[in-house]
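Residue numbers (my numbering): 244 to 630. Presented below is the structure to which this report refers.
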Ligand SMILES: Cc1ncc(COP(=O)(O)O)c(C=O)c1O
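Have a look at this one:
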C-alpha cells in the first residue's frame, strides 16, 4: 500500500508504542534481571515487526524471536542488529542464508544442524544455536529421551556454538500449573544429564507470556522457576492476556486499535434483509451503518451477527454476514450517528471498549489469531505519545 492510498483508507490500525513500552516494563517487573527474547514473529502479531523491533531495541531489548528465516531477513534489511532467534527452525537449503544474515538457529533436527555446520565451516564462521527440547508440547524439539545424546552430538559439530537450550509450555495459561511443572522437571532432567557430561548449555529459556504472568498469581504458587535465564514473551508485549484467567493483577495496555469510519448510513423499514444469505432481517425500522472493513482486512467472518463495534461511545451489533470488504452494524440506538463517524472495531470510545480478546472470543478464536490476521491492506499508524 502506498502512502497516498493509505492516507485515503478510513480503516486503519493504530499501534501505540507507549503502550508497548508499558507492557515491556511489566515483563521486566516480573522477570527481574533475566534477558527478554521479544517474540516478533508473524509481523509482531500483526503490529509490524520492523517498527516494534525498533521500538524495543530503543528500550534495550537485544534478542528477538521470529518464526521464519524470511521474517529475520526483513528485520535485518530494516537494520535490526540484535540477536534473531529463528524459532521455527530452518531447512538444510536455508543454512547459508542463516549464516549470511547472522541469525541464531533453533535446532531440533540433527541433519539440518549438520548442514548448518558444513555451511559454517565453508564460510569460516561460528553460528550460535539453541537446542529445542520437546517436554510436552508435542511439536518442535528433541524428544526428552533422545535429547541428551542429540544435544551432545550437536555440541560437537564444527562451526556451531551451543548458546542455549529451550522448551515451550503447552498450557501455562491454565490455573493449575501441574503440567507446566512436569515440563520443567523434564527440561531440568535433560539439562542435568548434559551438565553431568560436562556440556555447558548456555541460556536456558522456556517462559511464554502465560508463564511470565503466572509469576504474579495472587495466592497461587506461581511458576517462578520457569523464568530460567531468559523469557520469551509475545502476546503480553502487545497488551493481551494469553488466556482469560492469566495474571489478572498484571496491568497490560492494548497496543493495537482498529478503527474505521461509517461509509454509508441506510434507513430501512422493518423486514429488510441485510447482507449475504439474509441471515439478519430487521425487526424494526432501522439505521444500518455500512463499514469499509471485511474479512479481507482480518475482521473475522465468524463475527457475522455476533460481533459489535463502538460508535459515539455505544455498542452497535454487527448485523448479517461480514463480507470481504464490508461489514454492517445496527446503529439505530446511537443518537446523532452520522456518515463519517469514527468506529472502534477493536478499541475504546468513551467508556466503551471492545478488546481483541472480546472480539476473538465472540468469533470463537483467540486474540493471537485475530491480531495476526489483520491484513496487509490495513495501514498501520504508529503513535508515540508518552505513557
Ligand atoms: C517458541 C515460542 N516461544 C514463545 C512464544 C510466545 O508466546 P506468547 O505469545 O504466548 O507469549 C511463542 C508463540 O507462540 C512460541 O512459539
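All C-beta atoms, glycine included, are put in the ideal place defined by N, C-alpha and C. This one's a predicted model, so the numbers in the text were calculated from it and none came from an experiment.
Are residue i and residue j touching if we call contact CB-CB under 8 Å?
i           : j           : result
residue 384 : residue 426 : no
residue 328 : residue 455 : no
residue 345 : residue 330 : no
residue 256 : residue 417 : no
residue 552 : residue 493 : no
residue 428 : residue 422 : no
residue 496 : residue 265 : yes
residue 517 : residue 479 : no
residue 569 : residue 605 : no
residue 616 : residue 537 : no
residue 404 : residue 369 : yes
residue 543 : residue 608 : yes
residue 311 : residue 357 : no
residue 254 : residue 621 : yes
residue 482 : residue 459 : no
residue 574 : residue 530 : yes
residue 373 : residue 408 : yes
residue 448 : residue 597 : no
residue 611 : residue 294 : no
residue 524 : residue 554 : no
residue 395 : residue 376 : no
Go to residue i, then tell me how far its alpha helix (DSSP H) extends in each direction, as first and last residue.
i           : result
residue 286 : 284-289
residue 670 : Here the chain comprises residues numbered 244 to 630, so residue 670 is not present and cannot be evaluated.
residue 252 : From DSSP, residue 252 is part of no alpha helix (DSSP H); its letter is neither H nor E.
residue 264 : 260-274
If contacts are defined as beta-carbon pairs under 8 Å, then residue i and residue j qualify, I think. What distance do you get, rounded to the angstrom?
i           : j           : result
residue 442 : residue 398 : 5 Å
residue 453 : residue 474 : Contact doesn't hold; Cβ gap of about 11 Å is too wide.
residue 388 : residue 446 : The pair is not a contact, with the Cβ atoms about 23 Å apart (cut-off 8 Å).
residue 527 : residue 586 : At roughly 22 Å, the Cβ-Cβ gap does not stay under 8 Å, so residue 527 and residue 586 are not in contact.
residue 338 : residue 359 : 4 Å
residue 472 : residue 278 : 7 Å
residue 476 : residue 283 : The pair is not a contact, with the Cβ atoms about 11 Å apart (cut-off 8 Å).
residue 457 : residue 415 : 6 Å
Answer with buried or exposed for residue i, where buried requires no fewer than 16 other C-beta atoms within 10 angstroms of its C-beta.
i           : result
residue 631 : Here the chain has residues from 244 to 630 only, and residue 631 is not among them.
residue 520 : exposed
residue 258 : buried
residue 268 : exposed
residue 485 : buried
residue 550 : buried
residue 324 : exposed
residue 567 : exposed
residue 462 : In this prediction, residue 462 has a pLDDT of 49, which is less than 50 and means its spatial position is unreliable; what the coordinates show is noted afterwards. When all chains shown are included, residue 462 counts as exposed.
residue 564 : buried
residue 559 : buried
residue 539 : exposed
residue 438 : exposed
residue 507 : exposed
residue 630 : A caution first: residue 630 carries a pLDDT of 45, below 50, which makes its placement in the model unreliable, though a value can still be read off. Residue 630 comes out exposed.
residue 623 : buried
residue 263 : buried
residue 321 : exposed
residue 382 : exposed
residue 590 : buried
residue 613 : buried
Could you spell out where the beta strand (DSSP E) holding residue i opens and where it closes?
i           : result
residue 309 : 306-309
residue 293 : Counting along the chain, residue 293 falls outside any beta strand (DSSP E), though it belongs to the alpha helix (DSSP H) covering 292-301.
residue 553 : 551-554
residue 542 : Residue 542 -> no beta strand (DSSP E), and no H or E assigned at all.
residue 570 : 570-573
Is there at least one Cβ from chain D nearer than 8 Å to residue i's Cβ?
i           : result
residue 472 : Judged by its chain identifiers, the structure shown contains no chain D, having just a single protein chain.
Heavy atoms of ligand 3 versus C-beta positions, residues under 5 Å
Although ligand 3 was asked about, the structure shown includes only ligand 1 as ligands.
Which runs of the beta strand (DSSP E) at least 3 residues long sit entirely within the stretch 591-621? Give them in chain order.
595-597
Segments assigned beta strand (DSSP E), at least 3 residues, entirely inside the stretch 480-540:
499-504, 507-511 and 529-534
Of all the alpha helix (DSSP H) runs that stay within the bounds of the stretch 438-471, which reach a length of 4 or more residues?
452-457
Could I get the ranges of all uninterrupted alpha helix (DSSP H) runs contained in the stretch 317-398, with 4 residues as the minimum, in chain order?
Fully enclosed alpha helix (DSSP H) runs of 4 or longer: 338-343 and 353-366.
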